[in-house]
Every structure is written in structure tokens, then in C-alpha cells.
Amino acid sequence: MENHYFIACTLSDQTKEVLHNVRQSYLHEDRFKKIPHKSDLHLTLSFLGSVSDDQLKIVTEAIDKRMKAYQPFSLTYSHLDTFGKEETPRVWWAGPEPSDELQALYESIQDAVRLIHKDEKRPFRPHVTLAKKWKGEPAHIYIGPIDPVIETIEKISIYEIHPGRSPMYTVYQSFQLKESGESNGTAD
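The UniProt record's numbering numbers the first residue of the sequence shown as 1 and each following residue consecutively.
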């Protein structure tokens, strides 16, 4: 059986802690079947699913080359929202304000993923999942603004999924975004 993977912006421990506290402030944990472990919080760029070792190598090399073009950038998480029906949402999440840097990074990752024919069909809706799989009676869950949570995105990672574990995700490989003063090996 092949392992499953996804690519995501790696969040700092501080941001994970703040978003965990936001979740605790607004959520009755019995409303959802799955509450991600605090250390599993991330912002998904691409879900790969099941991939072979060869496919993983192709994607890893392509991402490594592409990340040399990106510098760290800031995201501001400013609101909570849901996916799915309002009365019984599938996912409750924290979302960042629009970011040209994040959109460009996403598009670059999609170019890498297309090399192994794993094209994302859905529009990019950047978010950090706080809870999923509603199980309670139809009820109100908070959707709206939160105090801004500012995060500097300095690296992305390929994560391996381990169903049934908590935490469920382990880093397969990380890619540091290039600091502005670093040389990329080319002449100016």
C-alpha cells in the first residue's frame, strides 16, 4: 500500500498555539467528529493522496527547485468560516486575508504537482482546518472575524499521513523559502 501525502505551509508553534486557543474559545468539541491535534495544524497547498516513491521524488525535486524563487512572507489569519451546509458544516476553519504571495506559491506548487498528474480541480481556498465532520444537531457555530493572527511563512513541507495516530502528520521533507540576501547560484 502506498503512503498518502500533502504539501502545506508549515505554521510556527506560536501560530498553532494561538489558533488552538481560538478554537477552544469558540468550539464545543462534541459538535465535530474530528478535532485535529494542535501540532497537525497547517495550511494545505496541495493534497497528493497516494503516490509512489518515484512520484514523490519527482515532486520533491520540482518543489526544491521552485522554492529558491520565494522569500518568506506574512499571512494574517482574520476570520473563521465553514465548508458545507451552514447547519451541518463539513469543515470549520481559520482563513487568512488574501495574499498575492500565497497565491503565487500555490500556483508554483500546482505546477510541480502536475508533473505527476495530480492536478487540483477545486479552486484554492486557503485555510487552516480547526475541526471537521459535524456530528451534532443543527446549531450555530461562530463564523466571522477574529483578532488578527500574523504568521510569517518561512517554509513549506511535504507531510505524510498516518491515519489513526495523533498527531496524524509527520514531515517527509521541508523546503525553506529563500531569504532575500541568499545567493541562488546565478549571476546577477
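Note that CB positions come from ideal geometry on N, CA and C, so glycine has one too.
Bear in mind that the values here come from a model prediction, so they are computed numbers and not experimental data.
Bridge partners - residue i, DSSP secondary structure assignment
i	result
K155	Q176
K121	None, per the DSSP bridge assignment.
L80	A94 and G144
K85	DSSP output for K85 lists no bridge partner at all.
L75	E151
H162	Beta-bridge pairing links H162 to no other residue.
Close-in-space but distant-in-sequence residues of the same chain around residue i (CB under 8 Å, 5 per side omitted)
i	result
E120	S46, F47, Q110 and V113
S183	Here S183 scores only 44 on pLDDT, less than 50, and its place in the model should not be relied on; the value that follows carries that caveat. Cβ within range, chain order: n/a, list empty.
Simplified DSSP state of residue i, which is helix, strand or coil
i	result
E61	helix
Y142	coil
D54	helix
L11	coil
A112	helix
K38	helix
K16	helix
L102	helix
S25	helix
E107	helix
Contacting residues, own chain, Cβ-Cβ under 7 Å from residue i (five flanking each side not counted)
i	result
S52	E2
T60	I158 and Q173
E97	T76 and S78
Pick from the options that is closest to residue i, judged by C-alpha positions
i	options	result
V18	H162, D147, T10 and E154	D147
E160	S50, S12, K133 and D13	S50
L56	G136, I156, I116 and T82	I116
D30	F175, W134 and I150	W134
A8	P167, R90 and H42	H42
L177	S166, K65 and S25	K65
Nonlocal neighbours in the same chain, by C-beta distance under 6 Å from residue i, ignoring five residues either side
i	result
T152	P72 and S74
K118	L48
T170	E160
S99	L75
F124	Y106
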